[in-house]
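> Chains A and B are the protein sequences, given in the same order.
Under the numbering used here, think of the first position of the first sequence as 2, with each following residue one higher.
Under the numbering used here, think of the first position of the second sequence as 104, with each following residue one higher.
Even for Gly, the Cβ is constructed at its ideal location relative to N, Cα and C.
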Amino acid sequence: MGLVLSEDQQMLKKAAADFVKKQSPISRVRALRDSDDSVGFSRDLWKKMAELGWPAIMIPEEAGGLGMGCLEMACVMEECGRSLVPEPLLSTAVLGAAAVVLGGTQAHKADLLPRVADGSLLMSLAYQEREGRYDLAHCRTRAEKKGSSYVLSGEKTLVLDGHVAEVIVVVARSAGEHGDRDGISLFVVERGAAGVEVARQKTMHLRQVAILRMNGVEVSSAAMLGTEGNGLALLEDVIDRATAGLCAEMLGNMTATFEMTLDYLKTRKQYGVPIGSFQALKHRAAKMFVELELARSSVMGACTALDHGAPEARALVSVAKARCSDAGAMIGYEGLQMHGGIGMTDEHDVGFFLKRLRGSEMTFGDAAYHRNRFAALQGF
Amino acid sequence: MSDLQEFREEVRAWLDANCPASLRWGAAVGNEALGDGLYWGGKKERSAATDAKLWLDRMAARGWTAPTWPKAYGGGGLSKEEAKILAEEMRRLRCKPALVGFGLTMIGPLLLQYGNEQQKSRFLPEIVRGEVRWCQGYSEPEAGSDLAGLRARAVRDGDFYVVNGQKVWTSYADKSDWMFMLVRTDPDKPKHEGISFMLIDMDQPGVTVKPIKLISGQSPFCETFLEDARVSAEHVVGGINNGWTMAKALLGHERSMISEAFNESEDKNELVSAARRYVGVESGGRVADAALRDRIAQLTMDKLCLELTLKRTKEAAKLGHQPGPEASIFKYYATELNKDRSALLVGILGPQGLGWEGEGFDEDELAHTRAWLRARGNSIEGGTSEIQLNIIAKRVLGLPD
């Protein structure tokens with residue numbers, strides 16, 4: 002099993018690292034936040050990323066993509082995570098692309114995937130609502146059948162890059178009550194369609210998200226991904242891939258936090274010596290390193306299992322997300338504590354990573370959610 | 104057919120013809136996880152003249168107890184590829200190792216690397232044949248984590264060294280014939296530079312061994328007292344005052360052995376099956392106690408992450424990469440995890456985990472309780488967890504002293 006990157010994967014990762022270092026220092030994210038930029042990222046830079054093939058990674062070759070997998074996506078996501086790169090990779094290249102690849106008809110694929118691959122189309126997935134926490138079966142948004150079309154009504158929250166995504170895959174209920182596993186369907190919705198209203202949300206974790214309100218949005222039955230009422234399994238498959246991608250990004254967040262903390266321990270002096278010479282801090286730094294290595298193994302394991310269609314892939318995704326959630330909190334908090342007062346200031350970057358890590362912890366299920374899912378999958 | 108394929112078929116046929124049925128895994132001989140039924144060798148080995156002895160003699164005759172050692176010293180003289188085939192075929196036929204112990208895993212490899220010709224031809228063949236059992240004399244009452252602070256003193260007297268001092272935590276000293284040990288030969292030098300590595304015959308009046316009883320009620324550990332004990336000057340390995348180099352070579356090895364051992368010996372579903380039995384299940388097979396179930400999931404996942412990291416290291420090694428920094432975490436993490444898992448297991452038993460011996464508790468329950476207590480030592484022996492963290496901080500993270 003591929004727990005070590007191949008030469009090609011290493012090259013992809015190295016190229017991503019170089020690109021991010023040169024094009025997207027963390028100061029960019031700070032400037033975008035401070036100016037309250039209405040897009041929140043750079044369309045020019047997104048174009049360059051498309052030239053590098055990043056949005057095409059998980060799209061099959063026959064649909065204009067590179068035909069690679071989660072592991073390759075993880076290589077790029079990790080490097081982006083080191084610098085909190087704000088371009089819409091997770092929303093478009095993972096959530097949107099995976100939904101169409103896994104659930105789309107030939108027509109959907111032919112229409113959407115080439116445009117995702119070349120960077121000209123931004124996508125997202127609207128699955129969350131205000132209640133229900135991480136329960137994917139919680140869905141109050143309705144899809145009422147009307148002739149050969151469906152009428153969507155309801156509200157979705159925290160839609161990643163929802164303010165710019167031109168095509169949004171919406172999770173709606175065509176039968177049953179919220180919490181039922183059956184009765185969920187996925188629809189491809191144009192943001193410009195009549196009755197769609199999008200409002201940006203401000204969150205603490207430096208991601209672009211939006212509320213999506215649908216008041217009688219009419220879509221044709223050809224807009225459905227998968228079959229009516231059986232959308233939950235598809236949704237779970239899509240979210241699993243996005244979870245693996247997010248975990249890779251968290252790995253990048255953790256690595257950046259750890260490196261800046263280690264650097265601080267070596268340079269900051271108190272009592273005339275570097276604070277990294279104190280054993281109380283050395284041991285904690287060593288434990289951060291242990292967590293980082295174990296998290297890295299868990300992410301590699303999950304991505305490889307997904308790419309091989311291994312039966313234990315879902316359980317391994319839960320292992321990775323639980324590990325990265327806990328390790329991310331530990332490294333984020335310890336990183337801040339070891340920076341002392343400067344770490345508490347907005348001026349220092351360590352707080353940016355802490356916020357993002359916490360946000361990612363609370364996206365696609367936290368550690369407790371995934372321990373529960375893992376136990377259920379393992380039959381206990 | 105390639106030479107290796109031919110070799111494989113020859114090995115398979117020979118093993119199948121020569122390995123007694125009772126020496127196959129699965130043939131019930133006590134607790135396999137505890138190493139029952141394995142042959143440790145030496146003059147005090149009790150199971151002489153049994154199947155185990157027969158298996159040992161047959162394997163030793165081919166040098167296959169030490170497959171990669173040179174034939175000149177009684178080894179099998181096999182290449183790496185051939186040794187791998189032998190190991191694979193033994194696994195396939197479920198053959199137990201014919202011989203285990205520190206002779207094969209510790210002092211033997213060290214002698215091959217650092218011993219002189221005389222030492223190699225004197226000691227290695229009898230290790231291969233399982234005639235001599237070895238123990239390790241490192242720690243002292245005042246020298247635990249700070250091993251280089253050891254005080255056992257060796258003074259030259261003609262062709263001999265006379266040794267005085269005390270060793271502690273000497274595993275299996277009471278069953279061993281020879282001990283490899285660290286002693287101080289020059290008290291005036293800086294502490295790491297005045298130490299020598301010596302081989303001592305335990306069968307002499309100056310050596311006294313006293314077993315140590317642990318909180319788990321049993322243990323392989325002993326105290327070893329040295330009072331005017333004599334060591335031939337020919338039995339200094341690696342040169343006088345060069346013992347620390349020898350010690351470092353061996354300690355690294357011991358650490359990886361300890362973490363590997365855990366990884367291989369444990370039953371994967373032990374926590375879950377215990378929970379089903381003692382706590383019960385709800386509909387759908389869900390463990391009835393939600394907090395306990397969460398804890399079991401946590402430790403099961405932790406173990407998976409450790410295994411994935413071990414696999415990652417092995418894969419990298421196969422591809423010819425140098426061992427990465429991830430290798431340094433194994434001793435620390437594996438022992439801490441083992442402590443947590445064995446503590447949780449007793450917790451799952453509840454009051455049935457209180458047993459020490461006798462009526463009212465079954466064999467597994469008693470074993471789990473002893474194992475929990477024994478596991479507390481995992482993060483102390485072979486370099487404490489704190490020492491491991493120091494090593495990571497210094498060697499991997501480059502934090503200043």
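Using the C-alpha atoms, what's the distance from A:C81 back to A:A17?
8 Å
> Does the separation of the CB atoms of B:E192 and B:V114 fall below 9 Å?
yes
> Are B:R127 and B:C198 close, meaning C-beta to C-beta below 9 Å?
yes
> Within 9 Å of any Cβ in chain A, is that where the Cβ of B:A364 sits?
Only weak support is given to the placement of B:A364: the predicted model assigns it a pLDDT of 49, under 50, and the question is left unresolved by the model.
> Is the Cβ-Cβ distance between B:G177 and B:A169 less than 9 Å?
yes
> What residues from chain A crowd round B:R389, counting only those whose CB sits closer than 8 Å?
Per Cβ cutoff of 8 Å: A376, A377 and F381.
> From B:A364 to B:A437, what distance separates their C-alpha atoms?
Caution is warranted here: a pLDDT of 49 is assigned to B:A364, below 50, making its placement in the model unreliable, and no coordinate value can be reported.
> Closest Cβ-Cβ distance between B:T412 and chain A: below 9 Å?
yes
> Is it right to say A:R374 is buried, meaning 16 or more other beta carbons lie within 10 angstroms of its own, or is it exposed?
buried
> On the CB-based measure, 16 or more other CB atoms within 10 Å of its CB, does B:Q108 come out buried or exposed?
With a threshold of 16 other beta carbon atoms within 10 Å, B:Q108 falls short and is exposed.
> At a cut of 8 Å, does the region 269–276 of chain B reach the region 221–241 of chain B through at least three beta carbon pairs?
yes
> Check whether the region 382–402 of chain B touches the region 244–256 of chain B, counting contact only when three or more Cβ pairs, one atom from each stretch, lie closer than 8 Å.
no
> Taking Cβ-Cβ distances shorter than 9 Å, what residues in chain B pair up with A:E145?
Contacts between A:E145 and chain B, judged by CB atoms closer than 9 Å, are missing: the closest CB pair is about 33 Å apart.
> So, with DSSP's three-state summary, where would you put B:D331?
strand
> What first and last residue would you give for the beta strand (DSSP E) that runs through A:K203?
Taken as a continuous stretch (DSSP letters only), A:K203 belongs to no beta strand (DSSP E), as it is neither H nor E.
> A:S121 versus chain B: which residues are under 7 Å apart at the beta carbon?
The contacting residues do not exist; A:S121 stays about 38 Å from chain B at best.
> Which of the residues in the region 11–30 of chain A, read from start to end, lie with their CB under 7 Å from any CB of chain B?
none
> From the DSSP output, in three-state form, read off B:I303 for me.
strand
> Are at least three pairs of beta-carbons, each pair with one atom in the region 324–331 of chain A and one in the region 161–179 of chain A, less than 8 Å apart?
no
> Run through DSSP, which three-state label would B:E229 get?
In the structure shown, B:E229 sits in a helix (DSSP, three-state: H, G or I).
> Is it true that the region 342–360 of chain A meets the region 59–72 of chain A, where meeting means three or more beta-carbon pairs spaced less than 8 Å apart?
no
> For A:N383 and chain B, any beta-carbon pair shorter than 9 Å?
Residue 383 of chain A lies beyond the range of chain A shown here (2 to 381); nothing can be said about it.
> Chain B beta carbons: is any one of them nearer than 9 Å to that of A:A138?
no
> Could you tell me whether any Cβ in chain B is nearer than 9 Å to the Cβ of A:F365?
Against chain B, the CB of A:F365 has no partner CB under 9 Å away; the residue lies outside that interface.
> Tell me B:C325's beta-bridge partners as DSSP assigns them.
B:P314
> B:G211 and B:E148: beta carbons closer than 9 Å?
no
> Who are A:M225's beta bridge partners in DSSP?
A:F188
> Mapping the DSSP letters down to three states, classify B:F283 as helix, strand or coil.
strand
> Could you run through the region 311–332 of chain A and flag, in chain order, every residue whose CB is less than 7 Å away from some CB of chain B?
V320, A323 and R324
> Taking the continuous beta strand (DSSP E) assigned at A:W55, which residues delimit it?
Counting along the chain, A:W55 sits inside no beta strand (DSSP E), nor does DSSP assign it H or E at all.
> Excluding the 5 residues preceding and the 5 following B:R161 in the sequence, name in chain order all residues of the same chain whose CB lies nearer than 7 Å to its CB.
Counting only Cβ-Cβ distances below 7 Å, and skipping sequence neighbours, we find N121.
> If A:G217 sits next to A:V152, beta carbons under 8 Å apart, how far is it from one beta carbon to the other, in whole angstroms?
Contact flag correct, Cβ pair sits at about 5 Å.
> Answer with buried or exposed for A:V387, where buried requires no fewer than 16 other C-beta atoms within 10 angstroms of its C-beta.
Given that chain A is displayed from residue 2 to residue 381, the structure contains no residue 387 of chain A and the question cannot be resolved.
> Is B:G138 helix, strand or coil when you go by DSSP?
Unreliable placement is indicated for B:G138, whose pLDDT of 48 sits below 50; the coordinate value is still reported in the next sentence. Of the three classes helix, strand and coil, the one that applies to B:G138 here is coil, per DSSP.
> Alpha carbon to alpha carbon, how far is B:S105 from B:G309? Give it in angstroms, no decimals.
56 Å
> Within 10 angstroms of its Cβ, does A:S298 collect 16 or more other Cβ (buried), or is it exposed?
buried
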